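Student: Take this structure, written in structure tokens, and hold onto it; I'll ask about it next.
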Amino acid sequence: MRILARLALLFVGLLLPLTGWAATDEQKQFAWSVVDRNAAPMAKLGDSLFYFAELGMQEFESTKMMKEVLEAAGFTVELGAAGMPTNLWARWGNGRPAIAIVTEIDALPEGSQTPMEFSRKPLVAGAPGHMEGHNTHGGVAAAAAFAVKETMTRYNIPGSVIISLGPAEEQLISRPYIVRAGYFKNVDAIIYLHIGDDSATAYGLANYASISSSFTFHGKTAHGAVDPWDAKDALDANQLMDVGVAYLRQQLHPTYRIHRVITNGGIQPNVIPDLAQTWWWVRDANMPDARETFEKLINIGKGAALMTGTSVEYQVTAAGWPQLGMKAIAEAIQVNIDKVGMPQWSEEEQRFARDFQKSAERPQVGLRSAVTPLGGRPQSYSSNDNGDVSWAVPAGLMKFPAIVPGIAIHEWHAAVTPTSSIAHKGMVVGAKVLSASILDLMTRPEVMQRAKIEFEQATKAMPYFPVLPADAKPPLDMNRAVMERYRPEMRKFYLNERPRLF
Ligand SMILES: [Zn+2]
Numbered sequence: 000m001r002i003l004a005r006l007a008l009l010f011v012g013l014l015l016p017l018t019g020w021a022a023t024d025e026q027k028q029f030a031w032s033v034v035d036r037n038a039a040p041m042a043k044l045g046d047s048l049f050y051f052a053e054l055g056m057q058e059f060e061s062t063k064m065m066k067e068v069l070e071a072a073g074f075t076v077e078l079g080a081a082g083m084p085t086n087l088w089a090r091w092g093n094g095r096p097a098i099a100i101v102t103e104i105d106a107l108p109e110g111s112q113t114p115m116e117f118s119r120k121p122l123v124a125g126a127p128g129h130m131e132g133h134n135t136h137g138g139v140a141a142a143a144a145f146a147v148k149e150t151m152t153r154y155n156i157p158g159s160v161i162i163s164l165g166p167a168e169e170q171l172i173s174r175p176y177i178v179r180a181g182y183f184k185n186v187d188a189i190i191y192l193h194i195g196d197d198s199a200t201a202y203g204l205a206n207y208a209s210i211s212s213s214f215t216f217h218g219k220t221a222h223g224a225v226d227p228w229d230a231k232d233a234l235d236a237n238q239l240m241d242v243g244v245a246y247l248r249q250q251l252h253p254t255y256r257i258h259r260v261i262t263n264g265g266i267q268p269n270v271i272p273d274l275a276q277t278w279w280w281v282r283d284a285n286m287p288d289a290r291e292t293f294e295k296l297i298n299i300g301k302g303a304a305l306m307t308g309t310s311v312e313y314q315v316t317a318a319g320w321p322q323l324g325m326k327a328i329a330e331a332i333q334v335n336i337d338k339v340g341m342p343q344w345s346e347e348e349q350r351f352a353r354d355f356q357k358s359a360e361r362p363q364v365g366l367r368s369a370v371t372p373l374g375g376r377p378q379s380y381s382s383n384d385n386g387d388v389s390w391a392v393p394a395g396l397m398k399f400p401a402i403v404p405g406i407a408i409h410e411w412h413a414a415v416t417p418t419s420s421i422a423h424k425g426m427v428v429g430a431k432v433l434s435a436s437i438l439d440l441m442t443r444p445e446v447m448q449r450a451k452i453e454f455e456q457a458t459k460a461m462p463y464f465p466v467l468p469a470d471a472k473p474p475l476d477m478n479r480a481v482m483e484r485y486r487p488e489m490r491k492f493y494l495n496e497r498p499r500l501f
């Protein structure tokens with residue numbers, strides 16, 4: 000009897016931590032006070048990354064600063080994981096659950112723009128720039144992870160908080176490599192973070208699958224007038240493949256997307272090209288359908304080679320699964336979105352937003368004042384290589400409100416505000432929602448359990464397969480020449496600050 004009672008006590012003792020550790024309002028308020036206290040260094044960090052404006056695989060200054068900031072804040076930081084020098088993996092704590100923030104800090108080609116200028120005015124003509132606002136991701140991720148760390152320390156919460164900054168998101172490159180290298184094997188859940196014009200989360204398939212590839216035809220050159228019958232025209236093959244794909248379009252799922260550019264079409268008309276190449280991008284609402292379409296492209300390429308007596312080779316340069324969000328995690332995030340609310344925009348910021356929308360010929364609706372309810376975000380047609388992570392680990396998805404509504408990303412207008420007070424206020428909201436949601440995942444095993452079951456069901460219904468060839472290596476030279484060309488001029492705008500979290 001005594002043994003039974005002792006066992007029962009032991010059992011209750013085991014249960015207590017599980018049920019007694021749900022992140023309390025007090026703990027979240029504490030985390031938010033850390034975020035508020037760090038609003039200035041967080042903004043400074045985001046602004047510093049804006050002026051580095053480094054393209055994918057060349058995020059050297061950006062990751063160096065992130066490493067310094069995170070190390071000074073007590074994190075262990077590894078650069079170069081999975082064979083990519085600008086891949087950053089930061090961790091605090093050794094315990095479980097291990098919750099990772101997954102995001103990116105790369106810029107876009109030719110995005111250089113003077114902040115707060117409504118007309119096109121690059122800081123450095125032709126240089127890259129943050130015309131998507133990925134610079135804000137670094138600030139939000141660091142401040143949120145630090146707030147979680149401080150809260151874990153104060154309230155003795157077990158677990159680990161991780162930041163994974165994958166290189167070259169804009170080219171959809173790094174995450175399949177990071178997944179393949181096993182970095183997420185010992186991670187229990189992730190939250191994927193992205194800038195947006197609203198405070199929102201989502202579940203289910205949130206965006207599109209994509210496969211990026213090059214098809215290269217090899218033929219035989221000859222003079223275009225003297226002995227064209229001796230040639231095997233690689234450009235002909237390239238064009239026939241294009242026509243073949245055009246005829247394929249009727250037989251595809253209505254959800255498909257195919258786009259391409261010719262990257263090599265020969266030298267001049269009287270030299271019959273022995274080399275031609277097209278860069279193809281195939282997308283669909285899920286990866287099995289995208290892969291099915293891609294396999295049809297391979298056959299069309301072979302057919303074009305047969306017709307012209309040339310040979311064809313293809314190379315998959317990048318591939319990303321759609322993001323898969325867990326409803327259990329989305330519900331937890333939504334509670335925090337509702338609690339934190341939207342930033343308190345000033346009348347000046349609202350006026351600025353409306354003027355900006357007017358000058359960009361968008362509806363003059365100003366800044367959003369209400370958060371987005373759960374389920375209010377449809378599957379988007381864009382793609383992001385972090386999708387692969389969400390098929391390896393249960394994932395939550397969140398956007399924070401730091402963009403002026405209607406301003407389209409991937410064009411220079413979107414580089415006007417990523418260092419503005421609008422962005423800074425949105426970052427505070429983002430870091431609060433993110434830190435509270437990570438604390439929920441660490442302290443509410445029932446949420447993690449539901450997410451795990453949901454994840455197992457979803458990945459059983461649609462099992463993950465890597466699209467990246469087994470021998471693929473990360474393209475480390477990508478964007479190097481462009482960065483080397485512009486960096487000396489861009490350096491003149493660096494802030495030369497050393498933001499520190501405290
Ligand atoms: Zn992005």
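Note that numbering that gives the first Met the number 0 has the sequence shown beginning at 0, numbered continuously upward.
We put the CB at the ideal spot given by N, CA and C, even for glycine.
Note that the structure is a prediction, hence the values are computed from the model and not measured.
(1) Between the beta-carbon of Ala-284 and the beta-carbon of Thr-254, is there less than 9 angstroms?
(2) DSSP puts Gly-128 in a beta bridge; with which residues?
(3) Counting C-beta neighbours from all protein chains within 10 Å, is the total for Ile-328 16 or more, i.e. buried, or is it exposed?
(4) Between the alpha carbons of Gly-264 and Asp-384, how many angstroms are there, rounded?
(5) Look at the alpha carbon of Gln-349 and the alpha carbon of Pro-342, and state the distance between them as a whole number of angstroms.
(6) How about Asn-383: is its Cβ closer than 8 angstroms to a heavy atom in ligand 1?
(7) If we call anything under 9 angstroms between Cβ atoms a contact, is Gly-137 one with Leu-48?
(8) In this structure, does DSSP put Ile-271 in helix, strand or coil?
(9) Go ahead and pull the three-state DSSP assignment for Ile-408.
(10) Jot down the residue ranges of each uninterrupted alpha helix (DSSP H) in the region 422–479, minimum 4 residues, whole runs only, in chain order.
(11) What residue range does the alpha helix (DSSP H) around Pro-154 cover?
(12) Give the DSSP bridge partners of His-193, in chain order.
(13) With Thr-220 and Ala-208 assumed to form a contact (beta carbons below 8 angstroms), what rounded beta-carbon distance in angstroms separates them?
(14) Does DSSP put Met-0 in a helix, in a strand, or in coil?
(15) Expressed to the nearest angstrom, what Euclidean distance is found between the alpha-carbon atoms of Leu-8 and Ile-190?
(16) Okay, do the region 66–80 and the region 348–366 touch, 3+ Cβ pairs below 8 angstroms being the bar?
(17) Does the CB of Ala-140 have a neighbour CB from chain C at under 9 angstroms?
(18) In three-state DSSP terms, what is Leu-14?
(19) Assuming the contact rule is C-beta atoms closer than 8 angstroms, Ile-100 and Ile-162 should be a hit. Round their C-beta distance to whole Å, please.
(20) Around the Cβ of Leu-305, are there at least 16 other Cβ atoms within 10 angstroms (buried) or fewer (exposed)?
(21) Count the other CB atoms, across all protein chains shown, that sit within 10 Å of the CB of Lys-27; report buried if there are 16 or more and exposed otherwise.
(22) Buried or exposed for Tyr-380, going by 16 or more other Cβ atoms inside 10 Å?
(23) Taking the continuous beta strand (DSSP E) assigned at Val-160, which residues delimit it?
(24) Quick check on the DSSP output: what are the complete alpha helix (DSSP H) runs of length 4 or more inside the region 302–349, in order along the chain?
(25) What's the C-alpha gap between Val-315 and Ile-210?
(26) Do you know how far the Cα of Met-286 is from the Cα of Ile-104?
Tutor: A quick look at the data gives this:
(1) Translated into positions along the sequence shown, residue 284 becomes position 285. Translated into positions along the sequence shown, residue 254 becomes position 255. Yes; because the gap between Cβ atoms is below 9 angstroms, this pair is in contact.
(2) Indexing the sequence shown from 1 puts residue 128 at position 129. Leu-107.
(3) Working through the sequence shown from its first residue, we reach residue 328 at position 329. That one is buried.
(4) As a working mapping, residue 264 is identified with position 265 in the sequence shown. As a working mapping, residue 384 is identified with position 385 in the sequence shown. Rounded to whole angstroms, Gly-264 to Asp-384 spans 29 angstroms at the Cα level.
(5) Numbered from its first residue, the sequence shown carries residue 349 at position 350. Numbered from its first residue, the sequence shown carries residue 342 at position 343. Looking at the two C-alpha atoms, the distance is approximately 12 angstroms.
(6) Along the sequence shown, one-based indexing puts residue 383 at 384. Yes, the beta carbon of Asn-383 sits closer than 8 angstroms to at least one heavy atom of ligand 1.
(7) Sequence index remark: in the sequence shown, residue 137 carries index 138 (1-based). Sequence index remark: in the sequence shown, residue 48 carries index 49 (1-based). Yes. Within cutoff.
(8) As a position in the sequence shown, residue 271 is number 272, starting the count at 1. Note: Ile-271 maps to coil in three-state DSSP.
(9) Locating residue 408 in the sequence shown gives position 409, where the first residue counts as 1. Coil.
(10) 444–460
(11) Indexing the sequence shown from 1 puts residue 154 at position 155. The sequence shown places Tyr at residue 154, rather than the Pro named in the question. Looking at the DSSP string, the run of the alpha helix (DSSP H) that includes Tyr-154 is 134–154.
(12) Walking along the sequence shown from the start, residue 193 turns up at place 194. Answer by DSSP bridge pairing, in chain order: Lys-398.
(13) For the purposes of this step, residue 220 is taken as the residue at position 221 of the sequence shown. For the purposes of this step, residue 208 is taken as the residue at position 209 of the sequence shown. Wrong, their Cβ atoms sit about 38 angstroms apart, outside the cutoff.
(14) Working through the sequence shown from its first residue, we reach residue 0 at position 1. Because Met-0 carries a pLDDT of 39, less than 50, the predicted location of this residue cannot be relied on, and the following value inherits that uncertainty. Correct three-state label for Met-0: coil.
(15) Here residue 8 refers to the residue found at position 9 of the sequence shown. Here residue 190 refers to the residue found at position 191 of the sequence shown. Any reading at Leu-8 must be qualified, since the residue scores a pLDDT of 44, below 50, and its modelled position is unreliable; the value itself is stated next. Taking the straight line from one Cα to the other gives about 36 angstroms.
(16) no
(17) Annotation note: the requested chain C is absent from the structure, which comprises a single protein chain.
(18) As a first step, residue 14 is located in the sequence shown; it is residue number 15 there, counting from the start. Note that Leu-14 scores a pLDDT of 45, beneath 50, so its modelled location is shaky; the value from the coordinates is reported in the next line. Reduced to three states, the DSSP call for Leu-14 is helix.
(19) Locating residue 100 in the sequence shown gives position 101, counting from the first residue. Locating residue 162 in the sequence shown gives position 163, counting from the first residue. 5 angstroms between Cβ atoms; contact.
(20) The residue labelled residue 305 in the question sits at position 306 within the sequence shown. Exposed, by the Cβ-count rule.
(21) Indexing the sequence shown from 1 puts residue 27 at position 28. When all chains shown are included, Lys-27 counts as buried.
(22) Against the sequence shown, residue 380 aligns to sequence position 381. Under this definition Tyr-380 is an exposed residue.
(23) The count along the sequence shown starts at 1 and reaches residue 160 at position 161. Start and end: 159–164.
(24) 326–339
(25) In the sequence shown, the residue the question calls residue 315 occupies position 316. In the sequence shown, the residue the question calls residue 210 occupies position 211. The alpha-carbon atoms of Val-315 and Ile-210 are separated by roughly 7 angstroms.
(26) Here residue 104 refers to the residue found at position 105 of the sequence shown. Here residue 286 refers to the residue found at position 287 of the sequence shown. The alpha-carbon atoms of Ile-104 and Met-286 are separated by roughly 25 angstroms.
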